[in-house]
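S.K.:
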Amino acid sequence: MFGSGRVSRIAHLSDVHTLEKERGAYGWGVKFVSIHRPLDAEARLRKFGRALGLAKAMGAHHVVVSGDLTEMGTDAQFRAFADVLDASGVAPESVTLVPGNHDAYTTGDAWTRALAGPLRAYAPSSAARHGQVVERGGVVILPVDTSRFQNVALSGGELHPAAAEALTRRIQDATFRGTPVVVVTHHPPFSHARRLWQFIDGLRGATRLVDVLAKSPHVQLLHGHMHRALDRLIGGIGDSRVFGAPATVEDREGHPRIRLYEVGPNGLESAGIVTG
Ligand SMILES: [Fe+2]
Ligand SMILES: [Fe+2]
652 MFGSGRVSRI
662 AHLSDVHTLE
672 KERGAYGWGV
682 KFVSIHRPLD
692 AEARLRKFGR
702 ALGLAKAMGA
712 HHVVVSGDLT
722 EMGTDAQFRA
732 FADVLDASGV
742 APESVTLVPG
752 NHDAYTTGDA
762 WTRALAGPLR
772 AYAPSSAARH
782 GQVVERGGVV
792 ILPVDTSRFQ
802 NVALSGGELH
812 PAAAEALTRR
822 IQDATFRGTP
832 VVVVTHHPPF
842 SHARRLWQFI
852 DGLRGATRLV
862 DVLAKSPHVQ
872 LLHGHMHRAL
882 DRLIGGIGDS
892 RVFGAPATVE
902 DREGHPRIRL
912 YEVGPNGLES
922 AGIVTG
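The numbering of the sequence shown is this note's numbering, which starts it at 652 and goes up by one.
(1) Taking buried to mean at least 16 other C-beta atoms within 10 Å of its own C-beta, is R846 buried or exposed?
(2) Restricting to Cα atoms, I'd like to know which of E722, G740, L664, L705 is closest to A761.
(3) Taking only three categories from DSSP, how would you classify I686?
(4) Work out the CA separation of A755 and Q801 for me, nearest whole Å.
(5) Can you find a heavy atom of ligand 1 that lies under 7 Å from the Cβ of D666?
(6) Can you find a heavy atom of ligand 1 that lies under 7 Å from the Cβ of A898?
(7) Using the beta carbon as the reference atom, which residues fall closer than 5 Å to any heavy atom of ligand 2, ordered along the chain?
(8) Can you tell me whether M920 is helix, strand or coil according to DSSP?
(9) According to DSSP, what are the bridge partners of S717?
(10) Tell me whether H869 counts as near ligand 1, meaning its Cβ is closer than 7 Å to at least one heavy atom of that ligand.
(11) By the DSSP assignment, the beta strand (DSSP E) with L624 in it spans what residues?
(12) Could you check how far apart the C-beta atoms of R697 and H668 are, in whole angstroms? I think they sit under 8 Å.
(13) Quick one: what's got a C-beta closer than 6 Å to R908's C-beta in the same chain, skipping five residues either side?
(14) So the beta strand (DSSP E) V832 belongs to, where does it begin and stop?
(15) Considering only DSSP beta bridges, list what T926 is partnered with.
(16) CB T899 to CB L664, shorter than 8 Å?
(17) What number of angstroms, rounded off, separates the C-alpha of A706 from the C-alpha of L810?
(18) Among the candidates L854, E671, H712, whose CA atom is the shortest distance from the CA of G751?
(19) Under 6 Å Cβ to Cβ from A727, same chain only, skipping five residues before and after it: list those, please.
(20) Rounded to whole angstroms, what is the Cα-Cα separation between A825 and P794?
(21) To the nearest whole angstrom, what separates the beta carbons of G807 and D852, a pair I think is in contact under 8 Å?
(22) Who pairs with G895 in a beta bridge, going by DSSP?
(23) Using three-state DSSP, classify E809 as helix, strand or coil.
(24) Going by alpha carbons, who is nearest to E904 out of V684, W679, A692?
(25) Taking C-alpha atoms, which residue in P831, T757, L881, V803 lies nearest to P868?
(26) Assuming the contact rule is C-beta atoms closer than 8 Å, T758 and G724 should be a hit. Round their C-beta distance to whole Å, please.
(27) Specify, as a first and last residue, the run of the beta strand (DSSP E) that E693 falls within.
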């Protein structure tokens, strides 16, 4: 099912918020950013494993995990995340990962290190560099890193100007005309109406991203960060093109949830949330 042939079904998971198993590692920062979530590393890993199992059972050809892969972006958390992914049996080339704000709370280069370390098998299909293109069985996936190193009191993101430029070039690439194009980011592409909230939680560069999407009606975007399923329009017109997924960390134990899409001639069509 994974790794060969046409991609006609995509599973979307998000916000795994992996913890390392060594409890002694939980400092005040983890307790602060995980304030509404039990610090149960094993349970979080089980939830992720079950969500991946559900994606396989539902016959997904590709899996997208849209950021906040870890709680703090420590090496141990990325290792624990990779261990579950490796054990899932999903082919690495059929997995697209992007980092979220939580993945950059410890250092600015955690994601780069993870891609060179425990997640290296997933680097070619993930947000490893600006302008990354993942072509899989009739779908073009453009994973974009919107994470930035910042204080745990902030949860925003940044579309780096070089990333925006590379993304725009890819979106406008004539060779992809007639092929579904799906951008994957952690942060949703919209700005908050309130300036203070935009400063705390907003995506810098969102205006540029929305502009590009508005000019490219064939492009859709999958995101995380909001911890719930969302379907939104671009510019208030047309069909929903921006889709958010629920947070795996908030699944009830033993009841995984994934978001599924069928790939049709006009791109992704939401098949809703599937619960195991
Ligand atoms: Fe999150
Ligand atoms: Fe987030």
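Don't be surprised by glycine CBs; every beta carbon is placed ideally from N, CA and C.
M.R.: Per the coordinate set shown:
(1) exposed
(2) E722
(3) coil
(4) 7 Å
(5) yes
(6) yes
(7) So the residues near ligand 2 by this Cβ test are D719, G751, N752, H876.
(8) In the sequence under discussion, the amino acid at residue 920 is Glu, which differs from the Met named in the question. E920: strand per DSSP, three-state reduction.
(9) V749
(10) no
(11) Nothing can be reported for residue 624: it is not among the residues displayed for the chain, which extend from 652 to 927.
(12) Contact doesn't hold; Cβ gap of about 13 Å is too wide.
(13) P897, D902, I924, T926
(14) 832 to 835
(15) R908
(16) Their beta carbons are under 8 Å apart, which means T899 touches L664 by this criterion.
(17) 29 Å
(18) When each option's Cα is compared against that of G751, the closest is L854.
(19) E671
(20) 19 Å
(21) 5 Å
(22) H874, L881
(23) strand
(24) A692
(25) P831
(26) Contact holds; Cβ gap of about 7 Å.
(27) Here E693 belongs to no beta strand (DSSP E); instead the alpha helix (DSSP H) covers 692 to 708.
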